[in-house]
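Each residue of the sequence shown is one higher than the last, beginning at 1 in UniProt numbering.
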Amino acid sequence: MEPVVSIRHLNHAFGKGQLRKPVLKDISLDLNPGEIVILMGPSGSGKTTLLTLIGALRSQQEGSLKFLDQELLGAPKKKLVKLRQQIGFIFQSHNLLDCLTAQENVRMSLKLHKHLTLEERTRRAIAILESVGLGEHINYYPANLSGGQKQRVAIARALVSYPKLVLADEPTAALDSKTGRDAVEIMRKLAQEEGCTVMLVTHDNRILDMADRILQMEDGQLLPSD
Ligand SMILES: Nc1ncnc2c1ncn2[C@@H]1O[C@H](COP(=O)(O)OP(=O)(O)OP(=O)(O)O)[C@@H](O)[C@H]1O
Numbered sequence: 001m002e003p004v005v006s007i008r009h010l011n012h013a014f015g016k017g018q019l020r021k022p023v024l025k026d027i028s029l030d031l032n033p034g035e036i037v038i039l040m041g042p043s044g045s046g047k048t049t050l051l052t053l054i055g056a057l058r059s060q061q062e063g064s065l066k067f068l069d070q071e072l073l074g075a076p077k078k079k080l081v082k083l084r085q086q087i088g089f090i091f092q093s094h095n096l097l098d099c100l101t102a103q104e105n106v107r108m109s110l111k112l113h114k115h116l117t118l119e120e121r122t123r124r125a126i127a128i129l130e131s132v133g134l135g136e137h138i139n140y141y142p143a144n145l146s147g148g149q150k151q152r153v154a155i156a157r158a159l160v161s162y163p164k165l166v167l168a169d170e171p172t173a174a175l176d177s178k179t180g181r182d183a184v185e186i187m188r189k190l191a192q193e194e195g196c197t198v199m200l201v202t203h204d205n206r207i208l209d210m211a212d213r214i215l216q217m218e219d220g221q222l223l224p225s226d
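Spelled out as structure tokens, the structure:
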């Protein structure tokens, strides 16, 4: 099977001239369909930078990065926007809109899918909120949900459009142990059902056993995995 993400000799640096600081050094990596990959490593080792490059959220400088067999390096903005729409993002702070209910927050991420009617978008938003255990809370505003519930809304929002790839940066950092594991379990279940690949950056040792593969990053390099 073709990898969902294929990276070869990726380098990235911040700053210019004497202040130039290499942050990613010669990264090569494949992410396969349906796998859950955890990326770990010390603070400042480059994990978030790698995640944002894979998500086409920052421009790539050197090396090859393919998403669904399409090269991101030098790709026009329009193409990057299109590719980005096929990726679900989950961040530490859930980034829900406070003025929208759970259902509206989830439904909003389907707005780009112009072929879906409002009824269809609503039906899918409700179905996925039910599958993350929030069927009773679809009309709640974020202010009236717990941290774990908000993160589950964020997971539902990332997965409702059936993305091929979900990128999550510290999704359990603000959650207690059980709620954090529950959130990852939901991600894993939905990912398996939809055959989507999940890459998760975390410092959270409590969820390591839930990954198919663990990658270690140190000083901008991926350590060889055993
Ligand atoms: N926009 C930026 N401009 C300059 N330097 C940056 C920028 N973003 C990140 N860096 C630097 O790049 C390095 C890697 O940062 P990155 O956020 O990728 O690390 P990380 O492994 O995700 O860290 P953490 O676990 O603390 O989130 C750090 O030294 C950071 O200071």
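Just so it is clear, CB atoms sit at the ideal spot from N, CA and C, and this is done for glycine as well. Please read these numbers as outputs of a predicted model, since none were measured by experiment.
Counting along the chain, the unbroken alpha helix (DSSP H) around Asp182 starts and ends at 177-194. The residue among Lys16, Leu129, Phe89, Ile90 with its C-alpha nearest the C-alpha of Arg107 is Leu129. Excluding residues up to 5 positions away in sequence, Asp69 lie with their Cβ nearer than 7 angstroms to the Cβ of Glu2 in the same chain. In the three-state reduction of the DSSP assignment, Lys150 falls in the helix class. Using a C-beta cut-off of 8 angstroms, the stretch 176-183 makes no contact with the stretch 7-15, since fewer than three inter-stretch Cβ pairs fall below that distance. The three-state secondary structure of Pro142, taken from DSSP, is helix.
Straight through space, the alpha carbons of Ala125 and Asn105 are spaced by roughly 9 angstroms. The criterion of a C-beta distance shorter than 7 angstroms is satisfied by Leu159 and Gly88.
Comparing alpha-carbon positions, the option among Ser43, Lys47, Gly41, Lys79 lying closest to Ala56 turns out to be Lys79. Contact between His12 and Leu31 does not hold, since their C-beta atoms are separated by about 18 angstroms, which reaches or exceeds 8 angstroms. Ser43 and Leu51 have their C-alpha atoms spaced approximately 14 angstroms apart. Around the Cβ of Arg58, a 10 Å sphere holds fewer than 16 other Cβ atoms; the residue is exposed. Take the alpha-carbon of Lys114 and the one of Ser225: they are about 42 angstroms apart.
At a cut-off of 3 residues, the continuous stretches assigned as beta strand (DSSP E) that sit fully inside the stretch 14-99 are 21-31, 36-40, 62-67, 87-90. In this structure Arg213 touches Glu35 by the C-beta definition: roughly 6 angstroms separates them, less than 8 angstroms. Just measuring C-alpha positions, the residue of Lys82, Leu29, Ser45 sitting nearest Leu65 is Leu29. The C-beta separation of Leu145 from Pro171 comes to about 16 angstroms, leaving the pair out of contact by the 8 angstroms criterion. As DSSP reads the structure, Gln216 sits in a beta bridge with Met40.
Looking at the DSSP output, His137 shares a beta bridge with no other residue.
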